[in-house]
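Protein chains: 2
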Amino acid sequence: MARTAGSDGEKTEAAIRDAAVRLIARHGYEAISMRQLAAEVGVQAAALYRYFPTKEDLLFALMEGHMRALAASWNAACPASGGPEARLAAFVEHHIRFHVARRHATHVSNMELRSLSKPNLTAILKLRAAYEKELRQILREGADSGVFTIDDSGLTAMAIIQMITGVIVWFRPDEKLSVEDVAKTYLAMTMRLVGRREDAHVPEHA
Amino acid sequence: MARTAGSDGEKTEAAIRDAAVRLIARHGYEAISMRQLAAEVGVQAAALYRYFPTKEDLLFALMEGHMRALAASWNAACPASGGPEARLAAFVEHHIRFHVARRHATHVSNMELRSLSKPNLTAILKLRAAYEKELRQILREGADSGVFTIDDSGLTAMAIIQMITGVIVWFRPDEKLSVEDVAKTYLAMTMRLVGRREDAHVPEHA
DNA sequence: GAATTAAATGAACGTATGTTTTATTAATGA
DNA sequence: TCATTAATAAAACATACGTTCATTTAATTC
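In structure tokens, the structure reads:
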């Protein structure tokens, strides 16, 4: 046998990406084989190499796609106007919604960094740093205008990101607890964490 | 060749555990081979099987050791007297100090759970759950006595643990920032996060 | 100093891995 | 209808894997 009836390159590539994200999230990148992945897609292992030159290129493609989608999604959701408080709220809610909806891809992007070659790793870390910078700037603006009380904006940004990303470790949406519920609670915790003062509309210093 | 001069079972086992934690933390459990590990220890692969029946048994031994050490250490550090605020402070500071000091073992215990068989996984999760329960109880007591303002103690416990464990991802002690500095800052954030009120010495309800 | 036990070696086993090559079939456009 | 190209299968390659086995040497005991 060779080419199968109804086969389509675009669909096959999408199916490979889908299956890869699912399998890698569950078993880990090193633990899965190209044959396993191919079987999940319903194809022979050799067929994968028409779409991704190597196993690592596949992993990198998944991570890069995830990070770019995150940046684009936040770019679309980020409020054009509004103070640091509104922007922080938007950031937290968007982050949780986005990552809960894509927890498999998030797991892959967070846990499999060590399987990347140095140039690929650098590229992903650059995308990640750009995203984290968004939060850091929001925090700094809030601290400067006196709305937030923050010791160190870099350290606080890391703490918040760890906290809100951690949602995907334990949370599964059901009838009792929706993503919105969780996002609301985490937003409240975040606001307390940054010492938000509702009455501070005027900068205190300079 | 066979038994080497000066060889000692206890020392070899300790060396295996050490090297395994380091290698697995860096490259991942699935990524390292028994031959690689043996080479790091300075021994042949077959020698490892005198101490651990299988590769997975080795992983499990590392994780179990780490979790038991954590429980024992917290047990020793936990203040016998004092209110929820003092206990929460002790928990956060101990947690950060312990995990920063053992970040390799922590990485292994947090990232390689999926490589455990179901019974082994269950055992580790049980140990982990017991530890997390400690924090949950502190939070509940604080909420009941009105010292803390908390929506959901379970959810808040997860958020705090994710946040304070996340320290090991970015933090490396140096002259500019010590573990004590970081622990202090994270404690302040935690206290704000749980809405600690310094003036609440009397329960508000009941 | 002989017997025993503990610690490690070196070779081998069967299997699985990522990847390449070659051949074959389905869809596409003239 | 017929060439062309896209998509896949099938088999093979070299290597690496976890693990076992028989053996050998060092330390310990009597």
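Quick mapping for you: the protein sequence lines, in order, are chains A and B. Using the numbering used here, you'd call the opening residue of the first sequence number 1 and step up by one each time. Using the numbering used here, you'd call the opening residue of the second sequence number 1001 and step up by one each time. Positions of the beta carbon are idealized from the N, C-alpha and C atoms, including for glycine. Nothing here was measured: the structure is a model prediction, and the numbers come from that model.
Asked: Run through chain B and tell me which residues come within less than 7 Å of Glu30 (chain A), C-beta to C-beta.; Found: Gly1028, Glu1030, Ala1031
Asked: Is there a Cβ from chain B that is less than 8 Å from the Cβ of Ala130 (chain A)?; Found: no
Asked: Pull up the distance between the alpha-carbon of Leu58 (chain A) and that of Arg114 (chain A), whole angstroms please.; Found: 14 Å
Asked: Any beta carbon of chain A sitting closer than 8 Å to that of Arg1103 (chain B)?; Found: no
Asked: Return the Cβ separation of Val1194 (chain B) and Leu1139 (chain B) in integer angstroms, given the expectation that the two are a contact with Cβ distance under 8 Å.; Found: 7 Å
Asked: By alpha-carbon positions, which one of B:Ala1019, B:Tyr1131, B:Ala1025 ends up nearest to Ser1073 (chain B)?; Found: B:Tyr1131
Asked: Looking at chain A, is there any beta carbon in it that lies within less than 8 Å of the beta carbon of Tyr1049 (chain B)?; Found: no
Asked: Using CA atoms only, rank isn't needed, just tell me which of A:Ile161, A:Arg197, A:Ala25, A:Ala46 is closest to Leu62 (chain A).; Found: A:Ala25
Asked: State whether the stretch 1086–1094 of chain B contacts the stretch 1133–1150 of chain B, with contact taken as three or more CB pairs (one from each stretch) at a distance under 8 Å.; Found: yes
Asked: Kindly indicate which three-state DSSP category Leu1155 (chain B) falls into: helix, strand or coil?; Found: helix
Asked: Between the beta-carbon of His1107 (chain B) and the beta-carbon of Arg1022 (chain B), is there less than 8 Å?; Found: no
Asked: Would you call the CB atoms of Val1179 (chain B) and Arg1097 (chain B) closer than 8 Å?; Found: yes
Asked: Taking 8 Å as the threshold, find out whether the stretch 1029–1038 of chain B comes into contact with the stretch 25–38 of chain A through three or more Cβ pairs.; Found: yes
Asked: Cβ of Ile1016 (chain B) within 8 Å of Cβ of His1095 (chain B)?; Found: no
Asked: Between which residues of its own chain and Leu116 (chain A) is the CB-CB distance below 8 Å, once the five residues before and five after are set aside?; Found: Glu56, Leu59, Phe60, Met63, Ile124
Asked: Note down, in chain order, every chain A residue with its Cβ under 7 Å from the Cβ of Leu1155 (chain B).; Found: Thr185
Asked: According to DSSP, is Pro1119 (chain B) helix, strand or coil?; Found: helix
Asked: By the criterion of Cβ-Cβ separation under 7 Å, what are the contact partners of Leu207 (chain A) in chain B?; Found: Given a span of 1 to 206 for chain A in the structure shown, any question on residue 207 (chain A) remains unanswerable.
Asked: Determine the closest residue to Thr1004 (chain B) out of B:Met1158, B:Ala1069, B:Ala1014, B:Gly1042, with distance taken between C-alpha atoms.; Found: B:Gly1042
Asked: Can you name, in chain order, every residue of its own chain whose Cβ lies under 7 Å from the Cβ of Ala1002 (chain B), other than the five neighbours on each side?; Found: none
Asked: So Arg172 (chain A) is in the alpha helix (DSSP H); what residue range does that whole segment cover?; Found: Neither: Arg172 (chain A) is in no alpha helix (DSSP H) and is coded neither H nor E.
Asked: Would you say Gln137 (chain A) faces chain B, with C-beta separation under 8 Å as the test?; Found: no
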